[in-house]
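Student: According to my numbering, the sequence shown is numbered sequentially starting from 20.
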Amino acid sequence: MSWQETYQQWQQQPNLLPSLRRELDQMDGDDEALEEAFSEPMEFGTAGMRGVMGPGIHDMNVYTVRQATEGLARFMDTLDDTTKQRGVAISFDSRYHSREFAHQAALVLGEHHIPSFVFDDIRPTPELSFTVRQLHTYAGIMITASHNPKQYNGYKIYGPDGGQMPPKESDLITKYVRSVTDLFSIKAADIHDMRDKGIISIIGEDVDEKYLADVKTVTINQKLVDQVGSTMTLVYSPLHGTGKIIGRRALSNAGFHNFRMVPQQAIADPEFPTTPFPNPEFAQTFDLAIELGKKIDADLLVATDPDADRLGAAVRQPDGEYALLTGNQIASLLLNYILEAHKQAGTLPANGAIVKSIVSTELATKIAASYNIETINVLTGFKFIAEQIKNFEENKKHTFLFGFEESYGYLIKPFVRDKDAIQSTVLLAEVAAYYKEQGKTLYDGIQELYKKYGYFAEKTTSMEFDGVDGPEQMAQLMDKFRQDTPKEFAGDKVVVLEDFEKQTETNDKGETKSTGLPVSNVLKYLLADGSWICVRPSGTEPKVKFYVGTNGETEDEANQKLDQFEAALTHFIQES
């Protein structure tokens, strides 16, 4: 069916939601926008789906949400009845339509007699992961677009262990989603009938209390928090999202009572009026926190993204100004503290391990090695970290100590199986207390790590490929890297090429071995000086991402290498 025919099908729907009807009318005559909305269905993969909200098969709306849920329901219909009746936990963030999408998902499940457990209000993504484990549901649905702008929303499916649905099951669900070709014929149960039959339950404070009780165990040195943390000054911003529900309670429960929330950003507003990009890695999101921090002389500024799975931080420097930490720096500070605190307490396990993505800092590897702790590298996507945790529990070979990705996602304790900014906020505050007791700040802390292990610098950039031709252009760029394989960058020789699509690791002598990791369209170049470059298409956005990691004897040396490699990448891409 052509996009014009699909568009006409939507136009002719007599019961199309009025809001979508208005948007369709506004698109009339804009063939480019119509083709993008109606030519290809929204991509549904291991991370679910995410996109701009609007009419059409390529956008997030009630009908595509129903389609995704119908696919999940049809898959669950193939399971034994006991497994199916474990049901699905559902949460949602503060975005436009999130509550509506969550409730529509429950109604579609209800038509298949699948129980659902729906939160009474917005809750963080990590709490949804926790809920799947706590209630022993078979799956979880999180309605969120995480840190994307206000125009976006998304749909994520979690598996029985609280991690994102495993690839095998995810592939089957995707197959069922694609089998739903008529979005307007999907049946939804009556909410009152579901309540009468007990196949939908509203959850909230009952789960909050259990989650917060586990978050309280993240604190390693309660005596330190009691002595220093109670007077340490913090600023916390939930960036208009779900963190406001749980974040403040988690800090108070841990013993951090002297904190202030950024008032303008403590309002759950889908417009995100104070920041066009509610992403804590962007400096602009901290403008209001810095303003408040200077007024109250705050030791630490923390912000969590709208679904509270990512955490960013700013620290006071010697001159009184605040500097943002990168995700890699935050992870390194957290890791160093975890290992040192457990060592001092005599609780560091002999078989301890940390798990990080292949595009995250090697500073963490050095820190872990100094404590005789193994580092396990996985593909980008926190589901791979969750998979390792599950393996640890089953084979008992390792004890999980910490997991992270450079993109501001960290997990301290595995009662959650996704990145958890609530846990991370509590522990980062403890790390700040640790340095404050010594008359230092987190800024001093990261400088100490650099002096001990060497200076590490990392940078992530991206190229966007919007429009109908975007996927093809992204594929062409990846093909260029494979066909014109770079032998060097900025004069630094490539000594190993890791092609995760081929699952091969090839050195400069032509010797090849397996990566030992799943298939993924990712290329990573290891350079002679210990630097590395990685290229991968984003799994959730129309972007190709470029990661560069360097190290040097000085900060200037490490940063200079970053600039050189970035320029070399640009030159390679622009070559005909």
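Don't be surprised by glycine CBs; every beta carbon is placed ideally from N, CA and C.
Using a Cβ cut-off of 8 Å (strictly closer), state whether Leu496 contacts chain C.
Tutor: Note that chain C does not occur in the displayed structure, where there is just one protein chain.
Student: Are the CB atoms of Tyr174 and Ala87 nearer to each other than 8 Å?
Tutor: Contact: yes.
Student: When DSSP builds the beta bridges, which residues end up paired with Val509?
Tutor: What sits at residue 509 in the sequence shown is Ala, not Val. Beta-bridge pairing links Ala509 to no other residue.
Student: For Tyr544, tell me which candidate among Lys242, Gly346, Leu446, Arg555 has the shortest Cα-Cα distance.
Tutor: Selected option, being the one with the closest Cα: Arg555.
Student: Taking all protein chains shown into account, decide if Ser204 is buried (16 or more other Cβ within 10 angstroms of its Cβ) or exposed.
Tutor: Exposed: under 16 other Cβ atoms inside 10 Å.
Student: Compute the Euclidean distance between the alpha carbons of Ser256 and Ile109, then round it to the nearest angstrom.
Tutor: Answer to the nearest angstrom: the Cα atoms are 24 Å apart.
Student: For Phe484 and Gln492, what's the separation of their Cα atoms in angstroms?
Tutor: Phe484 and Gln492: Cα-Cα distance of roughly 7 Å.
Student: Flag this pair as yes or no: are the beta carbons of Glu54 and Val487 separated by less than 8 Å?
Tutor: A contact, by the Cβ cut-off of 8 Å.
Student: Do you know offhand how far Gly458's Cα is from Ala448's?
Tutor: So the two alpha carbons sit approximately 15 Å from each other.
Student: For a minimum of 4 consecutive residues, which ranges assigned as the alpha helix (DSSP H) are wholly contained in the region 219-300?
Tutor: Listed in chain order, they are 224-234, 262-273.
Student: Between which two residues does the beta strand (DSSP E) holding Ile441 run?
Tutor: Run containing Ile441: none in the beta strand (DSSP E); it sits in the alpha helix (DSSP H), 440-456.
Student: Here's the rule I'm using: 16 or more other beta-carbon atoms within 10 Å means buried, otherwise exposed. How should Val513 be labelled?
Tutor: Result: buried.
Student: Report the partner residues of Tyr429 according to the DSSP bridge assignment.
Tutor: The partner list for Tyr429 (beta bridge, DSSP) reads Phe423.
Student: When you compare the region 306-321 with the region 245-254, are there three or more beta-carbon pairs, one atom per stretch, that lie closer than 8 Å?
Tutor: Touching, per the Cβ criterion.
Student: For Glu594, count neighbouring Cβ atoms within 10 angstroms of its own Cβ and tell me buried if that reaches 16, exposed if not.
Tutor: Classification for Glu594: exposed.
Student: From Thr394 to Lys375, what does the alpha carbon distance come to, in whole angstroms?
Tutor: So the two alpha carbons sit approximately 7 Å from each other.
Student: Exposed or buried, Lys169, counting other C-beta atoms within 10 Å across all chains shown (16 or more means buried)?
Tutor: Label assigned to Lys169: buried.
Student: What is the C-beta distance between Leu461 and Val334, in whole angstroms, given that I count them as a contact (C-beta under 8 Å)?
Tutor: Contact flag correct, Cβ pair sits at about 4 Å.
Student: Nearest by alpha-carbon distance to Ile76: which of Leu546, Asp140, Thr25, Gly312 is it?
Tutor: Of the candidates Leu546, Asp140, Thr25, Gly312, the one whose C-alpha sits nearest the C-alpha of Ile76 is Thr25.
Student: Report the partner residues of Tyr566 according to the DSSP bridge assignment.
Tutor: The partner list for Tyr566 (beta bridge, DSSP) reads Thr479, Cys553.
Student: Indicate whether Ile222 and Phe136 have their beta-carbon atoms separated by less than 8 Å.
Tutor: Yes. Within cutoff.
Student: Does the pairing of the region 401-408 with the region 378-388 give three or more beta-carbon distances under 8 Å?
Tutor: Not touching, per the Cβ criterion.
Student: How should Asp316 be labelled, buried or exposed, when 16 other C-beta atoms within 10 angstroms of its C-beta is the threshold for buried?
Tutor: When all chains shown are included, Asp316 counts as exposed.
Student: Decide if Val107 is buried, meaning its Cβ has at least 16 other Cβ atoms within 10 Å, or exposed.
Tutor: It counts as buried.
Student: Please determine, among His131, Tyr171, Tyr230, the residue with the shortest C-alpha to C-alpha distance to Thr150.
Tutor: Minimum Cα distance to Thr150 is reached at Tyr230.
Student: Would the beta-carbon of Ala547 fall within 8 Å of that of Asp511?
Tutor: The answer is yes: Cβ separation under 8 Å.
Student: Alpha carbon to alpha carbon, what distance is there between Ile309 and Gly274?
Tutor: Going from the Cα of Gly274 to the Cα of Ile309 covers about 23 Å.
Student: What is the C-beta distance between Val435 and Gly181, in whole angstroms, given that I count them as a contact (C-beta under 8 Å)?
Tutor: With 8 Å as the limit, Val435 and Gly181 qualify as a contact, their Cβ atoms being about 7 Å apart.
Student: Quick check: Leu243 and Tyr453, are their CB atoms within less than 8 Å of each other?
Tutor: Cβ atoms of Leu243 and Tyr453: closer than 8 Å.
Student: Starting from the C-beta of Ala285, find all residues in its chain whose C-beta is less than 7 Å away, skip the five residues before and the five after it, and write them out in chain order.
Tutor: Result list for Ala285: Pro257, Lys263, in chain order.
Student: Provide the residue(s) that pair with Ile176 in DSSP beta bridges, ordered along the chain.
Tutor: Bridge partners of Ile176: Ile160.
Student: Counting only runs that start and end within the region 84-133, where is the alpha helix (DSSP H) found for 4 or more residues in a row?
Tutor: Taking only runs of at least 4 residues, the alpha helix (DSSP H) segments lying wholly in the region 84-133 are 100-103, 117-130.
Student: Whole angstroms are fine: how far does the CA of Asp201 sit from the CA of Gly529?
Tutor: Approximately 51 Å between the Cα atoms of the pair.
Student: Alpha carbon to alpha carbon, how far is Asp233 from Asp225?
Tutor: Computed Cα separation, rounded: 13 Å.
Student: Quick check: the Cα distance between Asp212 and Arg329, rounded to an integer number of angstroms?
Tutor: Cα to Cα, Asp212 sits roughly 38 Å from Arg329.
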